Structures are given as C-alpha cells and as structure tokens.
C-alpha cells in the first residue's frame, strides 16, 4: 500500500531533501502545480505554544464547481508537513456536519495520550468535506445543512471528498519530501469515525491502518433517534431541559450503579461489565416508591427513558435504529448537552440533537430534503412533527435528483452484512473504539456490527479490534478511563506486526467528572472482554484483568 508518485516531484517543481524539509521548502510549496488544485498559501509554523513541531501549513482547494442548487462548492483542505518527517501520512477525518477545515494536527481521544499525529512526525491532511458550513448565514441555524440540497455535496460529505482528496494529498506529500509515505493512516471520531469505516469498505487499498472512534456509521438512522428522543422527553408535558433535571439523571445513574457497579469486583462509579449490567438492572428501580419524592424518577420519566433506550420503532414495531445500554454515564454533562440542553443562547439553549440533529435529519438525511426554518423553536418543532411511519423511510429514498439514498451515501457498503474481505486482502488494520455511554451513536449498534463481522469472517481478529470504553459519552467525557493511545497500538500493529490486546489507559487527571478516579490507571480490554478487579491498589492497572 506504499505510495510512490515519483513523477510528481519534478512536476511540482519542488526540490526537497528526503525527509527533512525547511522553511524555504515550505515557502516554495506555494508554487506547487498540482492538476486541479489551487494552493492559496504556504506558511511556515515554527515550534511553539500553538505548534507542536516545526512544520509547513499548505492551504488549498480543489474540485471547484457550481452545484445543482446554484451554489459554489469546493473541497478546501489544509496539509501540514513536519520538518522532521517520519515517513507517515494521516488523513484526518473530521466530525459533525464537516463544513470547516479543522487544523490538521491529527489529535483527539485515542491519540492524544501519545501526542497528536503531527507531533509524532506524521504529515496530516484535513478538509471541509466539500462544503462551506458558513456559506449561508441567512439560513440561521440550518445554514450548515444547506449543502444537503445538492446531491454531489451530499455525496462528498458521505464519501466523495475523502476519495478525491486522498490521492492528491499523497501526491503533494511525495513532492514535498521527495519520497512517498511509507505508511498511510486514517483517523477520526464521531462522523470522522464513520469516514474511517466507510474508507475501509470503499477504499480498501488506500490505508495501512484506520482508527475509528465512536463512529456514527449508521448516521441517518441515528438521526431518526433524535426525533424519537425529543418526542419521548416531551411526552409528559415538560420542555426538554425540564423533562429531566440534573438531579433526575443523577438518580437514574445511581440506580444503575446500585445494580451494576460491583459486578466487576470494584465499586468505583464505573460499570466495566456493561453486558452483565443489562440483565442485572431493572429500570423500575429508578421509580419513586410510596413516600419517596427525591433521588428517584416519576413513573412517566422512567417510561420515557425506557422507550428511549429501546430505540425508535414505527407503528408496526419495526426497529428503525438500535437499542442502547443502560449506563451510569447518563448523568454526564456531555449526555445532557446532546440530549436535553446546551449553554448556547443563540440555540435557545436547546440540545445538539434539537439543533444540528434536527436540521441534518431534514436536509441531509432525507430524500427529498425538506426546508426547515433556522430557529431553535422551528427545529425542535420539526422533530416533534416527525412521523416514524412516513418520514423515517426517507432515509432510504432516492429520486432523479438524488440517485443514491442517504443511507447509501453515508454508511459503509455492506454494513449490515460486513466481511471487510477487500480491506483484509490489502493488509489493512482497523481499530474501532466507542464509549458505552455515548448519547448520540449507540455502542450497541457498533457492537452488533462487530459481531456480524466476526460471524461472517472467521479471520476478523487478524485485522480488526473493537474496544468499549465504559462511562465515556460522545468523545472524551464522563467518568471514563479515556486516556489511551490507540494510535500507538495501531502503529505497532501495522508496522511491527504486534497485534493489540490489552491497552493501558487512565482517567485523565484534568477530568472533573472522574472525581476520585482522576489519574487512576485501568486496562482497556478488547471486546468482548471487560476489566475485572483482582485486588490491590485500585489506581493501578496491575490490579485488573480482562475477562
């Protein structure tokens, strides 16, 4: 899978050393002549507070066009090229609805414990996935979703931009250093994790290693869950923020811990035996008993949470997404931010699912896309009006203008019946990790995908791993030991043939939600095993085993 684009060196007019660049080499990169690419700037960034290492930042654009909706589109990207290059390249897959060129540092949960990719000597590329999320300020809170009315922009967001940009970025890296990367990686979380899983299916020979964090690989289905959540939260006459107070969710978390915290041998506020917990926990235990009026839930609250955890269905009882694990991380701030309320006044303090989620469901994940007013009230109202019989099928719909459905555009091909045979044959390695308490993308959905893969491909363990992170919400958050270097484990697997097993991790010292666990070590166990306390210092990884 090593890329050798020798002719590009001469064609671009850049004459670098093999692996050690310079400030002048960087400035010369502004004159790169890559077919179909406009280089807007090349800037030298010396090591400092905002720059982990000496490196060159190349800002560029490609695939410029006028869309069917009459708007201008392009794939804008940033390529960061370290002075001391280690022969590795990382395609950084970004999250949310994309639409912004995030700094190409190659960092995030699962990576930062060992340092971001740029600091490790990787060349890194980052893009906006083919649309500008700030292009439509007149549309209010749905401005970032307006690209959903253009099919090519939808497809670029789904998979096209990665496929178009990837060879171009490799060509530029090869030209800059005078040699192609020895190893090619991809990494992202959330939507970026989805990009990684899509790349494993659609571009099986393009990556030596992929790291997919908390992936929204069934993105349109997960968006249907947003409507299900809002309708159930609002089912007993209260607004979203008031339907469950922080104290209410703390009571729910306490009930889960009472049933499950000791299953792993240690009562530390973390449920490592997340599968055993589902059998041990009775949702009715959250409900107030006679004479109890605090630290418990009203019957209608318990009923709403139970329906939410069961996942959305239509009137025939057919599942539209997946179920969710009962997890004490339900009391986490990230869980609340996504599901119930935000601290953002322009959003009307609505949660993410009722703003970004609502607009995305209507305009990106439905065919045909629907116009929605860009106010917080209108967006929440659109979710309240969502019909699970007539609207949910739109995630599978096509039309003359949208020849691929949202599910076809956004999800990995064969996600319902995966083998990853082509990726395996190409020698690729894939690590997936996911917080069990994720409020946006169900860990159960990722677990089911992995179980199907293992059932279909008896050699899945030779090239894939799944790691569950108990307590982690969507990304680094919650009372969770999320300080793991999975990128380091992936590098060792790809380059050293050392298959990952138990990965050292820890509760980050700056994680306020970790409480007394802050700084404590834990093993991150490969699925389907989980950490069990065997005795000794509870802050030491040596006191745990994966069983």
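Numbering (the working numbering), first residue to last: 80 to 626.
In this text, a Cβ means the ideal position worked out from N, Cα and C, and glycines have one as well.
Quick caveat, the model's predicted, so the values are computed rather than measured.
Two segments are said to touch when three or more pairs of C-beta atoms, one from each, lie closer than 8 Å; by this definition the region 302-314 touches the region 380-399.
In terms of Cα proximity to residue 275, the closest of 241, 299, 531, 375 is 241.
Straight across, the Cα-Cα distance linking residue 204 with residue 357 is about 41 Å. Going by beta carbons, residue 106 and residue 121 fall inside the 8 Å limit.
The criterion of a C-beta distance shorter than 8 Å is not satisfied by residue 617 and residue 598. Residue environment: residue 373 is assigned as exposed (fewer than 16 neighbouring CB atoms within 10 Å of its CB, all protein chains considered). Among the bridge pairs identified by DSSP, residue 623 is matched with 612. When 219, 176, 101 are compared, the shortest CA-CA separation from residue 256 is found for 101. In this structure the region 462-469 does not touch the region 337-347; the number of beta carbon pairs closer than 8 Å is below three. Residue pairing for residue 171: DSSP places it in a beta bridge opposite 205, 266.
When C-alpha distances from residue 228 are compared across 176, 135, 450, the shortest belongs to 450. Shown here, residue 325 sits in a helix according to DSSP, grouped into three states. The beta carbon of residue 417 is closer than 8 Å to those of 430, 431, 432, 518, 519, 552, 553 in its chain, skipping five residues each way along the sequence. Annotated as proximal: residue 180 and residue 155, with beta-carbon spacing under 8 Å. The Cβ neighbour count for residue 115, taken over all protein chains shown within 10 Å, is under 16; the residue is labelled exposed. In the three-state DSSP reduction, residue 123 falls in the strand class (E or B). DSSP places residue 581 in the coil class of the three-state scheme, outside both helix and strand.
With contact defined as three or more Cβ pairs closer than 8 Å, the region 509-516 and the region 544-564 are in contact. By DSSP's assignment, residue 111 forms no beta bridge with any residue. If you draw a straight line from the Cα of residue 177 to the Cα of residue 368, it is about 47 Å long.
For residue 475 against residue 486, the beta-carbon gap comes to about 5 Å, under 8 Å, which counts as contact. Cβ-Cβ separation between residue 593 and residue 587: approximately 7 Å, consistent with a contact (criterion under 8 Å). Spatial neighbours of residue 590 in its own chain (CB-CB distance under 7 Å, excluding positions within 5 residues in sequence) are listed in chain order as 597. Exposure of residue 128 is indicated by the presence of fewer than 16 other C-beta atoms within 10 angstroms of its C-beta.
Annotation: the region 440-477 contains the following complete segments of the alpha helix (DSSP H) (minimum length 4 residues), in chain order: 455-463. Nearest to residue 535 by alpha-carbon distance, out of 347, 402, 493, is 493.
For residue 606, no beta strand (DSSP E) run applies, since DSSP gives it neither H nor E. Of the residues assessed, residue 544 falls on the buried side of the cut-off, its CB having 16 or more other CB atoms within 10 angstroms. Taking the Cβ atoms as the reference, residue 130 lies roughly 13 Å from residue 157, outside the contact range of under 8 Å. Note that the C-beta distance between residue 296 and residue 265 is not below 8 Å. Taken through DSSP and simplified to helix, strand or coil, residue 512 comes out as strand. Considering only 169, 183, 230, the residue with the shortest C-alpha distance to residue 482 is 230. The alpha carbon of residue 454 has as its nearest neighbour, out of 473, 202, 479, 428, the alpha carbon of 428. For residue 134, the secondary structure class from DSSP, reduced to helix, strand or coil, is strand.
When DSSP states are grouped into helix, strand and coil, residue 303 belongs to the helix group.
Here the alpha carbon of residue 259 sits roughly 16 Å from the alpha carbon of residue 113.
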